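A.B. asks: The sequence shown begins at -11 in the working numbering and counts up one residue at a time.
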Amino acid sequence: TTRTGYLWNTLYGWVDTGSGGLAPSSVAAGLQPISHHVAHPDTKRRLHELVVASGLIEHLHELSASPASRADVLRVHDAAHVDRIIAEGAQPKGGDAGDGVSPFGQGGDAIAFLAAGGAIEATRAVVSGEVDRAYALINPPGHHAERALGRGFCIFNNTAVAAAYALEELGLERVAIVDWDVHHGNGAQDIFWESPQVLNISLHQNRCFPSDSGFRDENGGGEGAGRSVNIPLPPGGGNAVYEYALEQVVIPALEAFEPQLILVPCGFDAAIMDPLARMMVRADGFRRLTRLITDAAERICDGRIVFLQEGGYSPYYVPCCGLGVIEELAGVTTGIADAYEPIVGAMGGDELLAHEREAVDAAGALLPGIT
Ligand SMILES: Cc1nn(C)c(C)c1/N=N/c1ccc(/C=C/C(=O)NO)cc1
Ligand SMILES: [Zn+2]
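1. Three or more beta-carbon pairs under 8 Å between the stretch 86 to 101 and the stretch 140 to 160, yes or no?
2. Can you tell me whether I293 is helix, strand or coil according to DSSP?
3. I want to know whether the stretch 168 to 179 touches the stretch 249 to 256 - three or more CB-CB distances under 8 Å.
4. Please list the segments of the beta strand (DSSP E) lying wholly inside the stretch 253 to 322, counting only runs of 3 or more residues, in order along the chain.
5. Tell me the start and end of each unbroken beta strand (DSSP E) in the stretch 38 to 115 that is at least 3 residues and wholly inside, in chain order.
6. Would you give the residue range spanned by the beta strand (DSSP E) that G(-7) belongs to?
7. Between the alpha carbons of V114 and H49, how many angstroms are there, rounded?
8. According to DSSP, is I179 helix, strand or coil?
9. Is R276 near P223, with beta carbons less than 8 Å apart?
10. Does the beta-carbon of G202, which I'm using as the reference point, lie nearer than 7 Å to any heavy atom of ligand 2?
11. Could you check what DSSP says for Y153 in three-state terms: helix, strand or coil?
12. With DSSP run on the structure shown, which of helix, strand or coil describes R135?
13. Do R204 and A350 have their CB atoms nearer than 8 Å?
14. Can you give me the Cβ contacts of A53 inside the same chain, cut-off strictly under 7 Å, excluding the 5 residues immediately before and after it?
15. Measuring straight from C-alpha to C-alpha, what distance separates L51 and G(-7)?
16. Determine contact between the stretch 300 to 320 and the stretch 191 to 198, defined as no fewer than three beta-carbon pairs at a distance below 8 Å.
17. For P128, does the count of other Cβ atoms within 10 angstroms reach 16, so buried, or fall short, so exposed?
18. Determine the DSSP secondary structure at Y328, reduced to helix, strand or coil.
19. Would you kindly check if the distance between the Cβ of R121 and the Cβ of L317 is under 8 Å?
20. Would you mind sorting V15 into buried or exposed? The rule is 16 or more other CB atoms within 10 Å of its CB.
21. Leaving out five residues before and five after E236 in sequence, what residues of the same chain have Cβ atoms less than 6 Å from its Cβ?
22. Got a sec: does ligand 2 put a non-hydrogen atom nearer than 7 Å to the Cβ of V89?
23. Got a sec? Which residues, its chain only, sit under 6 Å from V294 by beta carbon, not counting five neighbours each side?
24. On the premise that L355 lies in contact with P240, defined as a C-beta separation below 8 Å, what is that separation, rounded to the nearest angstrom?
25. DSSP three-state label for G352, please.
26. Determine contact between the stretch 61 to 72 and the stretch 321 to 340, defined as no fewer than three beta-carbon pairs at a distance below 8 Å.
27. Examine ligand 1 and report whether any of its heavy atoms sits within less than 7 Å of the Cβ of L102.
28. Please classify R215: is it buried, with 16 or more other beta-carbons within 10 angstroms of its beta-carbon, or exposed?
29. Evaluate E344 with the Cβ neighbour count: other Cβ atoms within 10 Å of its Cβ, from every protein chain shown; 16 or more gives buried, anything less gives exposed.
30. In the structure shown, what three-state DSSP assignment does V163 receive?
31. Taking the C-alpha atoms as reference points, what is the distance between I288 and E76?
32. What first and last residue would you give for the beta strand (DSSP E) that runs through N127?
33. In whole angstroms, what separates the C-alpha of G18 from that of S199?
34. Just list the residues that DSSP pairs S216 with in beta bridges.
35. Given a cut-off of 8 Å on the beta-carbon distance, is the pair I189 and A213 in contact?
36. Closer than 7 Å: is that where the CB of F92 sits relative to any heavy atom of ligand 1?
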């Protein structure tokens, strides 16, 4: 039977995102304080509690995070960035990741080191064969964090830390990143821009965030030319366009690159109920994406695949989507249905529209020169 690793830590639920909704609260700007920032950790804690309450946890091999070391983080971030985060976290009211809209509380730096450490532990467990695959429900997220800057709620790039660890400590030579968080995976693109050892693939809603990166023609530079694949998608796409993108672009790119490990920065903000994007993927769609990419991992790299939690901001729907992915990984059905399917199931996204097909085909057309 398949052994599926699972990692959570109570401190991931202690990230203090402050009293702003998205931008910080401000009387002058007419932004009244609010109890839950869009990135409030309760959303991810609810997914963890559903994993436990559904009984799925009994079928998972629990992994335990320890903080990433300074050296672990310095493989992908400048010392100035790391030192600034530590200084911000030492302040009584905490600080910000770097863009002024990514707040964290006092000691939030320690949680960021623990998130990166969770990514390392899940990767170690999979590469060592202790488990066949793993889901690390880590927080704060990381995929917007660049070498020298935290942004988009991200402090350290958890996935990049894990990839560098696998390459430099576990002796791997090729690692692929498949980022299906709805926002552009600019962080890994920045960090690994010139690295031939990392194939970085990002599927995202075009211009959603950051609004000025993630275009099809950003394909890597220097030794890394051809190792960056961007698939910007038109708003409104659902299950169909994501499945089409995996089948037509992502999986062929993986088959050409032949990674020894696949890392999936897994956000659920492409979901139909998410407040921070305009895509329409449902829980059953995330299940199918998981099935497609784990089958590809079985064919390409002995099934070695690690899912690392990124975004996802609907406290209602993230638990449904996450349960679907982790059930699929474990090969278990708990019988818990997607309670929102009756509401969102008929809204669309299940048939591939012409402009969606064209967007994916345009990204795919660049592949021969890419990998
Ligand atoms: C507000 C505001 N004001 N300003 C100036 C800026 C730069 C603002 N950031 N908006 C954001 C920040 C982060 C996200 C998504 C993060 C995610 O889920 N990534 O996976 C979306 C919009
Ligand atoms: Zn996102």
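Every residue, glycine too, gets a C-beta built ideally from N, C-alpha and C. Because the structure is a prediction, the values reported are computed rather than measured.
C.D. replies: This is what the structure holds:
1. yes
2. strand
3. yes
4. 293 to 297
5. 49 to 51
6. T(-8) to L(-5)
7. 11 Å
8. helix
9. no
10. no
11. helix
12. coil
13. yes
14. L(-5), N(-3), L102, G105, G106 and E109
15. 6 Å
16. no
17. buried
18. coil
19. yes
20. exposed
21. Going by the sequence as given, residue 236 is Gln instead of Glu. Excluding positions up to five away in sequence, the list reads V348 and G352.
22. no
23. A110, T111, V114, A122 and L251
24. 6 Å
25. helix
26. no
27. no
28. buried
29. buried
30. strand
31. 42 Å
32. Per DSSP, N127 belongs to no beta strand (DSSP E) and is neither H nor E.
33. 24 Å
34. N188
35. no
36. no
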